[in-house]
Structure formats: C-alpha cells, structure tokens
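Residues 6 to 393 (the numbering used here) are what the sequence shown spells out, left to right.
Just so you know, even glycine gets a beta-carbon here, dropped at the ideal spot from N, CA and C.
All figures in this text were calculated on a predicted structure; none of them were measured in a lab.
Data first, discussion second: the structure below is written as structure tokens.
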Amino acid sequence: MSTTAFDLDDTQRMLRDSLARFLADQHGLEQRLHQLDQALDVPPLWQAFAHDLGILGAAFGEDQGGLGGGALENLLIMEAMGETLYTGPYLPTVVIAGGLFKRSADPAWQRMVGRIVDGHALVAFAHTEANARHGWAGLRTTLNAHTHGDGLALQGHKTVVHGARWATDLLVTARDPQAGSDEAVSLLCIPANTPGIRRTDVRTIDGGHASEVFFDQVLAQPGQIVGRRGHARPLVDQALDEATLATCAEALGVMQRLMRDTLDYVRQRRQFGVPISSFQALQHRLADMHLALEQARALTAATVPMLDAPAPQRAAAVSSAKVCVGRACRAVGQGAVQLHGGMGMTEELAIGHYFRRATMIEQAFGPADWHIDRVARLHAEAQAATVG
Numbered sequence: 006m007s008t009t010a011f012d013l014d015d016t017q018r019m020l021r022d023s024l025a026r027f028l029a030d031q032h033g034l035e036q037r038l039h040q041l042d043q044a045l046d047v048p049p050l051w052q053a054f055a056h057d058l059g060i061l062g063a064a065f066g067e068d069q070g071g072l073g074g075g076a077l078e079n080l081l082i083m084e085a086m087g088e089t090l091y092t093g094p095y096l097p098t099v100v101i102a103g104g105l106f107k108r109s110a111d112p113a114w115q116r117m118v119g120r121i122v123d124g125h126a127l128v129a130f131a132h133t134e135a136n137a138r139h140g141w142a143g144l145r146t147t148l149n150a151h152t153h154g155d156g157l158a159l160q161g162h163k164t165v166v167h168g169a170r171w172a173t174d175l176l177v178t179a180r181d182p183q184a185g186s187d188e189a190v191s192l193l194c195i196p197a198n199t200p201g202i203r204r205t206d207v208r209t210i211d212g213g214h215a216s217e218v219f220f221d222q223v224l225a226q227p228g229q230i231v232g233r234r235g236h237a238r239p240l241v242d243q244a245l246d247e248a249t250l251a252t253c254a255e256a257l258g259v260m261q262r263l264m265r266d267t268l269d270y271v272r273q274r275r276q277f278g279v280p281i282s283s284f285q286a287l288q289h290r291l292a293d294m295h296l297a298l299e300q301a302r303a304l305t306a307a308t309v310p311m312l313d314a315p316a317p318q319r320a321a322a323v324s325s326a327k328v329c330v331g332r333a334c335r336a337v338g339q340g341a342v343q344l345h346g347g348m349g350m351t352e353e354l355a356i357g358h359y360f361r362r363a364t365m366i367e368q369a370f371g372p373a374d375w376h377i378d379r380v381a382r383l384h385a386e387a388q389a390a391t392v393g
C-alpha cells in the first residue's frame, strides 16, 4: 500500500487501504476514461461506495448513520481518490454538503445526512460565479420575495458547479438583502429539478464533469434555508476551508502517483548506455520534486487540527497549506512531464492525466496569490486587534 501523510489508527488504516485496493482494481486509467464517458446519469462507482465499502458514512457520527469519523477520514478518502484520479462528487456531496448538514440541529438536514450516507442524495455546491470566483466580492445571485405567493425567488448564474449533472439537490449561496443588509448572504438547499433551473454541462480539462447553472425566478421556501437566514458566510467559510484542505489531501495522492511513475521511467529509460536516473542533473530535479511533495505532506497533516481552531487561525492555516500544496503541484507536475519528454502529455500515458489534475488543483479554491493575500489580511487584522 502507498504511504500517507497522516497518523492513523488501525480502523483508519483499514479504511484507506480497502478503498485504495478497490480503486486500483475498479478505476484504472482505461476504466476511468470509459466510466467518465458513460457517467451521464450516475457518477462512477457511487453506489459501490455507499453499499459495498460504506465510505460515504466514514466522516459522520454513528448517531447520523455513519462510522464515527470526521475530517481526517475525509482527507484519507480524498488522498486515495487522488491517487487513482477519481473525479466523482465526493467533495461537494460529503465534504461540503455533509459537513454543513451534520452541524445543523434542524431535523430536515440531519435526514439529508442519512440520504447522503446511503447514496440517495448527491449534492452539488453552487457557489462560484464569473465575478466571484473566490471569496465573497462579486456575488450576484440574489434571493428576494417572489412576485407570486409567499415564497422566495432565486435569481442568478453559477459557474463550474462540479457534479451538478448527477445532483439530486443544489446548495446555493445568494445575497439576501431582505435579511437585514445588502451584504447578507443565505444558503439554500433546493431540489435540482425545481422549475426555473437550467443547466449546461461541460467537461473539464481533467476529464471530469461540471456545469453552468442558471436560476430564473426559482421558487424557494424559507424552510430550504440552511442555518440562519442572512448569516451563511461563516458556515460557508468553514465548509470551504474543509474542502480546501481535503483538496490538498487529494493533491498528495496525485503527486505520489506522479513521483512513482517518474521514478519508474527514469530507472528504465537508457541514454548513452546507462539509465537516465544516473544523470546528476536529473537526480537534482527529482530531489527537488520529492522535497516539494514532502513539504506539502507535512503542512497538510499539520493543518488538520487547525480545522477546529477559531475562524481566523483556521483560515490562515488552511491558506498556508494550500499555497504550499499548489506550488508542489506545479513543481512535481511539471517535473514529471519534462522528465518523460514529449510522451508525458500523450493520452496513452497516465502522467498527462495526472498533470492536468494537478494543474486544476493548483487553482481550485483560489490560487497561491489569493491565499497569500488572505493570510496577509488575516495577520493585519490580528495585529490591529492587538493594538486596539
């Protein structure tokens, strides 16, 4: 079995190893490409995850129908999925939606956790917009009183909504000026087949599925709001931090496979009668790649306890980890492709597919510059509070 950055107990080790074996057997490169091409109505292997492996409940408490785990179980699963390039909706459904629902005292959202665990609910997170890719500035989707009846009207356009083509429900962020201020934001969970929702599906550069989702005066009810109306920002910020760190864990799996395949190649490829792994310049490049991966592993693992810290400390720790992981994705991904030469970008070789996924992860939930600015802003606010 492959190594992991995290300290595991026996149960966690069995969880990761069983998932890794299953994915290696059921989700090889050719199988993956076929499954993604055929995954029009159901994501690949989802029912097997729910019923054969039970991993959809790994991060939920036993009282919620889960296995009693938490954030670390999510990271273990994402790391294993990264190693086989699984691009199904685990992140939006389990990590983001499940994380939000399990912290709610509302019985309706507790029931949604049960539906996620048994594989009946697939939830897409509709948050990103053309003018609001990261953070809250530029959010244009709005929630207002409906012109007909007592409900609410959802109007807007969300971009790059992963897993929307399979979703039974959509989690949507929207400005809610009637909730008290122009800056108020509410979070809604609405059925994906609600009238007024229009979807355009696209394929991402890593072969996955995403969608543009349009809301045209979609009727919603106050009971579909998750948490307090107008107070969604801290809830969503926490969910996004958890999703960002889970994506860092996925990156560790991606980079581990890139390193392993590259090492195998340079040991076999011969030039001037010797393996190219004997060339000092290439040894230096491989050492740099390995160091970048190990730094990313260490910082990702060290950030796990910070998910329970107060919001500013949590945000700074997660952003720091994301910067380190993003830079490692670039160093390891580009190094792997370059050491393979032109064949590194061919469809037949796994390296090119892993490189494209690493490139997407580098930008997911904000590139390095955005997270560096976020950390600087948080430190400035902390210093100002201390002086005050």
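Boundaries (first-last residue) of the alpha helix (DSSP H) holding G140: Premise fails: G140 is in no alpha helix (DSSP H) and is neither H nor E.
Classification of S186 by the beta-carbon crowding that lies within 10 angstroms, buried from 16 upward: exposed
Would you tell me roughly how many angstroms separate the C-alpha atoms of A355 and W141, rounded to the nearest one? 37 Å
Three-state secondary structure assigned by DSSP to P200: coil
Using three-state DSSP, classify T173 as helix, strand or coil. Looking at T173 - three-state DSSP - the assignment turns out to be coil, as it is neither helix nor strand.
Which of the three DSSP states, helix, strand or coil, is assigned to M6? Because M6 sits at a pLDDT of 49, beneath the cut-off of 50, its placement in the model cannot be relied upon, and the following sentence gives the value as read from the coordinates. Here M6 sits in coil by DSSP.
So what does Q4 bridge to, in DSSP terms? Nothing can be reported for residue 4: it is not among the residues displayed for the chain, which extend from 6 to 393.
Residue burial classification, D68 (beta-carbon count within 10 angstroms, cutoff 16): With a threshold of 16 other beta carbon atoms within 10 Å, D68 falls short and is exposed.
Looking only at its chain, what residues have a beta carbon closer than 6 Å to the beta carbon of D221, apart from the 5 residues adjacent to it on each side? G201
P49, buried or exposed, once every other Cβ within 10 Å from all chains shown has been counted against 16: buried
Does the distance from the C-beta atom of L144 to that of T178 stay below 8 Å? yes
Below 8 Å, can you find three or more Cβ-Cβ pairs linking the segment 230-244 to the segment 295-308? When Cβ pairs closer than 8 Å are counted between the two stretches, the segment 230-244 is seen not to touch the segment 295-308, the count staying below three.
Just to confirm my understanding: we take Q31, look at its own chain, exclude 5 residues before and 5 after, and list those with CB closer than 8 Å. What are they? Residues of the same chain with a CB within less than 8 Å of the CB of Q31, apart from the 5 flanking positions on each side, are L50, A53 in chain order.
Using the rule of at least 16 other Cβ atoms within 10 Å of the residue's Cβ for burial, across every protein chain shown, is Q285 buried or exposed? exposed
Is it buried or exposed, S283, if we count other Cβ atoms within 10 angstroms and call 16 or more buried? exposed
Would you mind reading off the limits of the alpha helix (DSSP H) that contains V128? V128 -> not in any alpha helix (DSSP H); beta strand (DSSP E) instead, spanning 128-131.
Would F106 be called buried (16 or more neighbouring beta carbons within 10 Å of its own) or exposed? buried
Cutting at 6 Å between CB atoms, please list the residues of its own chain near E217, excluding the five before and the five after it. T164, T205
Sort out for me which residues DSSP pairs D206 with in a bridge. Bridge partners of D206: S216.
Going by other Cβ atoms of all chains shown within 10 Å of its Cβ, with 16 needed for buried, is T152 buried or exposed? exposed
Assign D181 to one of two classes, buried (16 or more other C-beta atoms within 10 Å of its C-beta) or exposed (fewer than that). By the neighbour-count rule (16 or more Cβ atoms within 10 Å), D181 is buried.
Taking Cβ to Cβ, would you say T89 is nearer than 8 Å to A29? yes
Where V392 sits in the DSSP three-state scheme: helix
I need the boundaries of the beta strand (DSSP E) containing Q160, first residue and last residue. 157-167
Proximal residues to R116 (C-beta, below 7 Å), its chain only, five neighbours per side dropped: none
Express the C-alpha separation of L41 and G212 in angstroms, rounding to a whole number. 7 Å
Whole alpha helix (DSSP H) runs in the segment 40-91 with 4 or more residues, listed along the chain? 76-88
Check for me: the beta strand (DSSP E) holding A135 runs from which residue to which? Element bounds for A135: n/a, residue is neither H nor E.
Span separating the alpha-carbon of T173 from that of A126: 6 Å
Measuring from the CB of M365, is there a heavy atom of the ligand ZN at a distance below 7 Å? With respect to the ligand ZN, the structure shown offers nothing to examine, as it has no ligands at all.
Endpoints, the alpha helix (DSSP H) within which L287 is located: 285-308
Cβ pair count under 8 Å reaching 3, the segment 69-77 against the segment 225-232: Touching, no.
Would you decide whether T9 is buried or exposed? Buried here means 16 or more other CB atoms lie within 10 Å of its CB. It is buried - the Cβ of T9 has at least 16 other Cβ atoms within 10 Å.
Who pairs with I195 in a beta bridge, going by DSSP? L175
Through-space distance from A150 to L263, alpha-carbon basis: 51 Å
Between P372, D22, H376, R362, which has its C-alpha nearest A256's C-alpha? It is R362.
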